[in-house]
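Student: Quick note: the sequence shown uses this note's numbering, first residue 112, plus one each step.
Each residue gets a CB set at the ideal place from its N, CA and C atoms; glycine is no exception.
Quick caveat: nothing in here was measured; it's all calculated off a predicted structure.
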Amino acid sequence: MWEVRTRRDALVSTGLMFMLARAGIAGAAPGDAMSDPANQDRVARSATRVRGFADPEMDFQLLRSLGAANSMGGAVGEIFAAVRDIRDDDPRTWPPAFVALGDRTRSVARSVLQKHPVSARDHFQRASMYYRAAEYYDDPVTDTSRAHGLASRDTFLEAAKLMSWKVEVLQIPFERVWLPGYFMQSTGAEARPRKTVIVLTGFDGTGEELYFQTGQAALERGWNVLMAEGPGQTGFLRFHPDVVFRPDYEAPVGAMIDYALSRTEVDPQRLALYGISLGGYFAPRTAAHDARIKALVANSPIPDLYAYEVGFVGAGIAANPPPVSLEEIDRIPDQEMPPGMKLSLKAGLRRFGADSLAAWLERLREFRIGDALQNIHCPSLALVGEGEGSLAMNLFESFSRGVSGSVTQRVFTAAEGADSHCQLGNLPLSNAVVYDWLDEVFA
Numbered sequence: 112m113w114e115v116r117t118r119r120d121a122l123v124s125t126g127l128m129f130m131l132a133r134a135g136i137a138g139a140a141p142g143d144a145m146s147d148p149a150n151q152d153r154v155a156r157s158a159t160r161v162r163g164f165a166d167p168e169m170d171f172q173l174l175r176s177l178g179a180a181n182s183m184g185g186a187v188g189e190i191f192a193a194v195r196d197i198r199d200d201d202p203r204t205w206p207p208a209f210v211a212l213g214d215r216t217r218s219v220a221r222s223v224l225q226k227h228p229v230s231a232r233d234h235f236q237r238a239s240m241y242y243r244a245a246e247y248y249d250d251p252v253t254d255t256s257r258a259h260g261l262a263s264r265d266t267f268l269e270a271a272k273l274m275s276w277k278v279e280v281l282q283i284p285f286e287r288v289w290l291p292g293y294f295m296q297s298t299g300a301e302a303r304p305r306k307t308v309i310v311l312t313g314f315d316g317t318g319e320e321l322y323f324q325t326g327q328a329a330l331e332r333g334w335n336v337l338m339a340e341g342p343g344q345t346g347f348l349r350f351h352p353d354v355v356f357r358p359d360y361e362a363p364v365g366a367m368i369d370y371a372l373s374r375t376e377v378d379p380q381r382l383a384l385y386g387i388s389l390g391g392y393f394a395p396r397t398a399a400h401d402a403r404i405k406a407l408v409a410n411s412p413i414p415d416l417y418a419y420e421v422g423f424v425g426a427g428i429a430a431n432p433p434p435v436s437l438e439e440i441d442r443i444p445d446q447e448m449p450p451g452m453k454l455s456l457k458a459g460l461r462r463f464g465a466d467s468l469a470a471w472l473e474r475l476r477e478f479r480i481g482d483a484l485q486n487i488h489c490p491s492l493a494l495v496g497e498g499e500g501s502l503a504m505n506l507f508e509s510f511s512r513g514v515s516g517s518v519t520q521r522v523f524t525a526a527e528g529a530d531s532h533c534q535l536g537n538l539p540l541s542n543a544v545v546y547d548w549l550d551e552v553f554a
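(1) Note the first and the last residue of the continuous beta strand (DSSP E) segment covering K277.
(2) Given that a residue counts as buried once 16 or more other Cβ atoms are within 10 Å of its Cβ, and exposed if not, what is T125?
(3) Starting from A493, follow its DSSP beta bridges and name the residues at the other end.
(4) How would you call N542, buried or exposed, if buried means at least 16 neighbouring beta carbons within 10 angstroms?
(5) Using C-beta distances below 6 Å, list every residue in its chain close to F267, excluding the 5 sequence neighbours before and after it, in chain order.
(6) Alpha carbon to alpha carbon, how far is D445 from T298? Give it in angstroms, no decimals.
(7) Looking at R512: is its Cβ nearer than 8 Å to the Cβ of L492?
(8) On the three-state DSSP scale, how would you describe D378?
(9) Skipping 5 residues on each side, what residues in its chain have a beta carbon closer than 6 Å to that of W205?
(10) Pull up the distance between the alpha-carbon of P251 and that of L337, whole angstroms please.
(11) Can you name the start and end residues of the beta strand (DSSP E) that K306 belongs to?
(12) Alpha carbon to alpha carbon, how far is V154 from R243?
(13) Strictly by DSSP, which residues pair up with I54?
(14) Which residues in the same chain have their Cβ closer than 7 Å to the Cβ of F323, if we skip the five residues on either side of it in sequence?
(15) To the nearest angstrom, report how far apart Q236 and P433 are at their CA atoms.
(16) How many Å lie between P291 and R349 at the Cα?
(17) Looking only at its own chain, which residues have a Cβ that is under 7 Å from the Cβ of L472, when we skip the five neighbours before and after it?
(18) What three-state label does DSSP hand A134 in the structure shown?
Printed below as a string of structure tokens:
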């Protein structure tokens with residue numbers, strides 16, 4: 112629900128092995144010794160099988176974890192080992208599997224830390240993303256969810272001490288709270304103002320995940336990187352659980368910009384803002400109200416969050432929402448509302464400060480950029496995956512028509528393995544498109 116219902120399934124079975132076996136090319140057919148390496152009379156390649164989930168959301172979350180492996184935020188074999196313990200029809204079995212994997216990986220990191228710091232760093236990095244994966248399917252209103260989130264943060268902090276970058280952990284003042292974040296830069300960078308990107312995640316991403324998703328790619332290209340989270344976002348809620356999403360997101364992001372521009376390492380004329388997922392609303396909303404942004408990337412653009420979310424729940428439900436309240440969700444039988452939908456609904460209501468489905472939908476009407484979109488005069492890069500559905504494509508086009516500055520459009524395709532939400536199936540390509548464009552804008 113919410114962000115990912117239109118994302119294309121990434122892992123499919125082709126039946127190729129069976130066909131090759133029938134032709135006498137492969138060593139065995141399905142069900143033969145190839146699928147039973149314990150049979151000592153035959154030779155097998157592996158006991159691990161690449162299988163996804165029938166549930167499209169669970170399949171996307173698997174792809175999400177696999178995508179982080181591009182930047183050492185996971186290992187494919189470890190992830191598939193954890194998946195063996197997850198039931199296809201019950202996402203509540205997901206957190207225990209990934210917590211166990213996180214615990215094992217963190218334990219290995221600690222055991223080698225003194226003698227092998229590089230290995231320890233890599234283990235801590237993977238453990239951080241395994242705890243994040245568990246946090247996603249945790250009941251969002253429990254202490255367990257917060258504990259797993261803090262474990263993800265803590266293991267990332269351990270890894271950061273061993274990274275080749277300069278990493279600063281931030282508490283950016285904002286109104287009566289503070290925004291958690293990270294400022295990262297190359298350790299060998301000259302002491303002069305440099306190009307800087309502020310990266311925003313979305314509904315369920317985290318600041319730690321942003322490093323693996325795009326932060327490392329930016330650092331490798333010589334960028335300063337500021338990754339921070341605002342009201343309603345996952346990492347923020349770990350510390351301020353009662354401060355929810357707000358439509359005027361230019362306010363918290365403005366505090367991030369204030370911080371960035373307070374640093375002598377930041378060139379104010381080369382300051383970019385990159386919004387991912389629901390950040391496709393937060394970043395354009397900010398750029399429409401804050402001219403300090405000199406280049407904008409929206410992946411994908413969401414100028415009207417109400418329209419975007421109605422695309423998930425359906426126009427019929429939006430027009431006449433069932434009388435479902437937050438406190439009633441857990442009492443609904445699984446046969447009437449599947450466990451995954453319950454978790455998504457609870458997370459959505461909580462993060463927007465709504466106590467019912469009807470109240471949530473009404474609240475969303477405030478999350479529209481409207482005519483202010485024309486105030487965006489800086490160059491913009493609009494990204495979308497062709498597997499995200501027609502509504503996402505319509506919003507992509509609406510954004511491109513509505514801004515006043517120049518717009519570069521990029522539609523990622525299934526042939527590129529990048530058609531899913533946020534291009535998690537091909538992050539190297541996505542990051543190349545983003546930072547090549549930004550480098551040319553600030554050349």
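Tutor: Considering the structure as presented:
(1) Reading the sequence shown from its first residue, position 166 is the one you call residue 277. Counting along the chain, the beta strand (DSSP E) containing K277 begins and ends at 276 to 285.
(2) Along the sequence shown, read from residue 1 onward, the residue named residue 125 stands at position 14. Confidence is the limiting factor: at T125 the pLDDT is only 32, short of 50, which leaves the residue's position unreliable, though a coordinate-based value still follows. Exposed, because fewer than 16 other Cβ atoms sit within 10 Å of the Cβ of T125.
(3) The residue you call residue 493 lines up with position 382 of the sequence shown. Answer by DSSP bridge pairing, in chain order: A409, Q520.
(4) For the purposes of this step, residue 542 is taken as residue 431 along the sequence shown, with counting starting at 1. Buried: at least 16 other Cβ atoms inside 10 Å.
(5) For the purposes of this step, residue 267 is taken as residue 156 along the sequence shown, with counting starting at 1. Same-chain partners within the cutoff: S239, E319.
(6) Position 187 of the sequence shown, counted from the first residue, corresponds to residue 298. Position 334 of the sequence shown, counted from the first residue, corresponds to residue 445. So the alpha carbons of these two residues sit roughly 52 Å apart.
(7) Here residue 512 is taken as the residue at index 401 of the sequence shown, counted from 1. Here residue 492 is taken as the residue at index 381 of the sequence shown, counted from 1. Taking 8 Å as the Cβ cut-off, R512 and L492 do not qualify as a contacting pair.
(8) As a position in the sequence shown, residue 378 is number 267, starting the count at 1. Of the three classes helix, strand and coil, the one that applies to D378 here is strand, per DSSP.
(9) The residue given as residue 205 occupies position 94 in the sequence shown. Only I197, Y248 meet the Cβ criterion.
(10) In the sequence shown, counting from the first residue as 1, residue 251 sits at position 140. In the sequence shown, counting from the first residue as 1, residue 337 sits at position 226. Spanning the two alpha carbons is a distance of roughly 26 Å.
(11) For the purposes of this step, residue 306 is identified with residue 195 of the sequence shown, where counting begins at 1. Its beta strand (DSSP E) spans residues 305 to 311.
(12) On the sequence shown, position 43 is the one that residue 154 refers to. On the sequence shown, position 132 is the one that residue 243 refers to. When rounded, the distance between both Cα atoms is 37 Å.
(13) Because the chain in this structure spans residues 112 to 554, residue 54 falls outside the shown range and cannot be described.
(14) Residue 323 sits at position 212 when you count from the first residue of the sequence shown. Excluding residues within five positions, the ones whose Cβ falls inside 7 Å are A179, S182, G184, M240.
(15) What you label residue 236 is simply residue 125 of the sequence shown in a count that begins at 1. What you label residue 433 is simply residue 322 of the sequence shown in a count that begins at 1. Between Q236 and P433, the C-alpha separation is close to 42 Å.
(16) Here residue 291 refers to the residue found at position 180 when the sequence shown is read from its first residue. Here residue 349 refers to the residue found at position 238 when the sequence shown is read from its first residue. Distance between the alpha carbons of P291 and R349: 10 Å.
(17) Here residue 472 is taken as the residue at index 361 of the sequence shown, counted from 1. Correct list, in chain order: A429, P432.
(18) For the purposes of this step, residue 134 is identified with residue 23 of the sequence shown, where counting begins at 1. Since pLDDT at A134 reaches only 36, below the 50 mark, its modelled position is unreliable, and the value read off the structure follows with that caveat. DSSP places A134 in coil when its eight states are reduced to three.
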